[in-house]
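Heads up: the structure comes next, in structure tokens.
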Amino acid sequence: MPRLVLVFAVLAIATVLGLWWRSRNGRFTPVERSVLDRAARLDPAGVPASSGASPSVASSPRTSSSHAGSPTTPGLSTTSGPAIAGHADAVVTPDRLGAPLGSTATFLQLSSEVCTPCRRTHAVLSTLAGERDGVVHVDLDVAEHLDLVRQFDVLRTPTVLLLDPAGVVVGRMSGATSRAQAIGALEHLRHPEENP
Amino acid sequence: MTDTKIDPRGPRFGAALTAVLLVVVLLLGTSTAAVVVLAVVAASFALGVARGVQGTWQAAVFRTLVRPRLAAPTELEDARPPRFAQLVGLVVTGAGLVLALFGVSAAIPVSAAIALVAAFLNAVFGLCLGCEMYLLGLRLRSRSA
Chain S
12 MPRLVLVFAV
22 LAIATVLGLW
32 WRSRNGRFTP
42 VERSVLDRAA
52 RLDPAGVPAS
62 SGASPSVASS
72 PRTSSSHAGS
82 PTTPGLSTTS
92 GPAIAGHADA
102 VVTPDRLGAP
112 LGSTATFLQL
122 SSEVCTPCRR
132 THAVLSTLAG
142 ERDGVVHVDL
152 DVAEHLDLVR
162 QFDVLRTPTV
172 LLLDPAGVVV
182 GRMSGATSRA
192 QAIGALEHLR
202 HPEENP
Chain C
432 MTDTKIDPRG
442 PRFGAALTAV
452 LLVVVLLLGT
462 STAAVVVLAV
472 VAASFALGVA
482 RGVQGTWQAA
492 VFRTLVRPRL
502 AAPTELEDAR
512 PPRFAQLVGL
522 VVTGAGLVLA
532 LFGVSAAIPV
542 SAAIALVAAF
552 LNAVFGLCLG
562 CEMYLLGLRL
572 RSRSA
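These protein sequence lines are chains S and C, in that order.
Going by the numbering used here, the first residue of the first sequence is number 12, and it counts up by one from there.
Going by the numbering used here, the first residue of the second sequence is number 432, and it counts up by one from there.
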């Protein structure tokens, strides 16, 4: 009898884990307002200061940055001190993106080739970008962009970073993302004070 | 081999069969019978690691009994993530077996319970551990390289 209880307990734990996992998929998590405000104060132009100093991620080896199509020029993620590290780390420049930023929003999707939900999310976001002016969808392979993976602490694929017109990361989603969730994220960009 | 595409319902059905076996292991406690059934599960995982998830006996059951009754799949998935998940299952159940052979009998239900959680999540929610852990593995590998 205790064994039967054990079986049910294990299955109950698995069910809770599964429901939690499913509820997290595609949920938009905005970057906190205070963080964005602090970044804006440090650099009103919204452009990262690239002073040619050593990259902020210099401690981590950039094994994949030699790959063609991933322009990780050392000056791009630079900071001259820890004070503005948070800001530069929150910006993706068109150079690193490998494409121009959208005038309204950019969905930066980080995918792996072996991931099935990545393909579904890709279809959802590219369709949406095709329908809306100023919305751009860029899909990058994590294996070739480990610098971005490290910089934004990406733990699973797909992870979608939502960039504002200046390339500032204003929020993120991970896991299979539905069309409604993607539209909700765009709404947040337009009205950040309202909760999604 | 690297570009093999499979019906995503296959591994999920296989995980359901594996989950049933693991429930049996838990119900058998720490008896010899439990060790034997867990060994069968571990051997199935070993088959999946060696030949891909489409080469397991669970996949054979799916192909012959289940898939003919289903509509064609709406999408195919890469065979690599589920194969990685088979490796995760082999490590968990294999560790349980090895510890049991060294006299740690509690390792049998513990490893069966962990593997059951993973198999249940795969079967019921379509959560593929291999897919979720792929990037973590990539990050670790590139760091040590």
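Built from N, CA and C at the ideal position, the CB exists for glycine as well.
{"Query": "The region 501-515 of chain C / the region 472-487 of chain C touching (three or more Cβ pairs under 8 Å)", "Result": "yes"}
{"Query": "Test: S:GLY37 CB closer than 8 Å to a CB of chain C", "Result": "no"}
{"Query": "Cβ of C:VAL548 within 8 Å of any chain S Cβ", "Result": "yes"}
{"Query": "Neighbour flag for C:GLY460 against chain S, beta carbons, 8 Å", "Result": "yes"}
{"Query": "Short Cβ contact (8 Å threshold) for C:ALA550 with C:ALA450", "Result": "yes"}
{"Query": "Interface partners of C:VAL555 on chain S, CB under 7 Å", "Result": "GLY29"}
{"Query": "Interface partners of C:VAL454 on chain S, CB under 7 Å", "Result": "VAL18"}
{"Query": "S:VAL103 (DSSP reduced to helix, strand or coil)", "Result": "coil"}
{"Query": "Contact set for C:ALA446: own chain, Cβ-Cβ below 6 Å, skip 5 residues either direction", "Result": "ALA550, ASN553, ALA554"}
{"Query": "Interface partners of C:ASP438 on chain S, CB under 7 Å", "Result": "Those do not exist, as C:ASP438 stays about 11 Å from chain S at its closest Cβ, beyond 7 Å."}
{"Query": "Euclidean distance between Cα positions of S:MET12 and C:ILE539", "Result": "18 Å"}
{"Query": "Partners in chain C for S:ALA4, counting only beta-carbon separations shorter than 7 Å", "Result": "Since the first and last residues shown for chain S are 12 and 207, residue 4 of chain S lies out of range."}
{"Query": "8 Å Cβ cutoff, S:SER81 in contact with chain C", "Result": "Caution applies to S:SER81, whose pLDDT of 38 falls short of 50 and renders its modelled position unreliable; the value that the coordinates give is listed next. No, no contact with chain C."}
{"Query": "Short Cβ contact (8 Å threshold) for S:PRO176 with S:LEU121", "Result": "no"}
{"Query": "Backbone secondary structure at S:GLY109 - three-state DSSP", "Result": "coil"}
{"Query": "C-beta atoms of S:LEU166 and C:SER573 nearer than 8 Å", "Result": "no"}
{"Query": "Min CB distance S:VAL68 to chain C below 8 Å", "Result": "Confidence at S:VAL68 is low in this model, with a pLDDT of 37, below 50, so the placement of that residue is unreliable and no value is reported for it."}
{"Query": "Separation of C:LEU569 from S:VAL149, as counted between CA atoms", "Result": "21 Å"}
{"Query": "Alpha helix (DSSP H) segment containing S:ALA34, residue limits", "Result": "The sequence given here places Ser at residue 34 of chain S; Ala does not occur at that position. Note, S:SER34: alpha helix (DSSP H), 13-35."}
{"Query": "Sheet register partners of S:ASP175 (DSSP bridge)", "Result": "Paired residues: none, contrary to the question."}
{"Query": "Contact set for C:LEU558: own chain, Cβ-Cβ below 8 Å, skip 5 residues either direction", "Result": "LEU552"}
{"Query": "Chain C contact for S:VAL125 (CB, 8 Å cutoff)", "Result": "yes"}
{"Query": "Spatial neighbours of S:ALA20 in its chain, beta-carbon cut-off 7 Å, leaving aside the 5 residues before and after", "Result": "none"}
{"Query": "Residue(s) in a DSSP beta bridge with S:LEU119", "Result": "S:VAL149, S:LEU172"}
{"Query": "Opposing strand residues paired with S:PRO41 [DSSP bridges]", "Result": "S:GLY182"}
{"Query": "Beta-carbon spacing of S:GLY186, S:PRO128 below 8 Å", "Result": "yes"}
{"Query": "Residues that S:VAL165 contacts on chain C, provided the C-beta gap is smaller than 8 Å", "Result": "LEU566"}
{"Query": "The region 138-151 of chain S: positions lying closer than 8 Å to chain C by Cβ", "Result": "none"}
{"Query": "Below-8 Å beta-carbon distance, C:PHE551 vs any chain S residue", "Result": "yes"}
{"Query": "DSSP bridge partner residues for C:ASP509 (one or two, in chain order)", "Result": "C:LYS436"}
{"Query": "Straight-line Cα distance separating C:LEU567 from S:VAL160", "Result": "10 Å"}
{"Query": "Beta-carbon contacts of S:ARG131 that lie in its chain and below 6 Å, excluding the five residues immediately before and after", "Result": "ALA187"}
{"Query": "Closer than 8 Å to chain C by CB, S:VAL21", "Result": "yes"}
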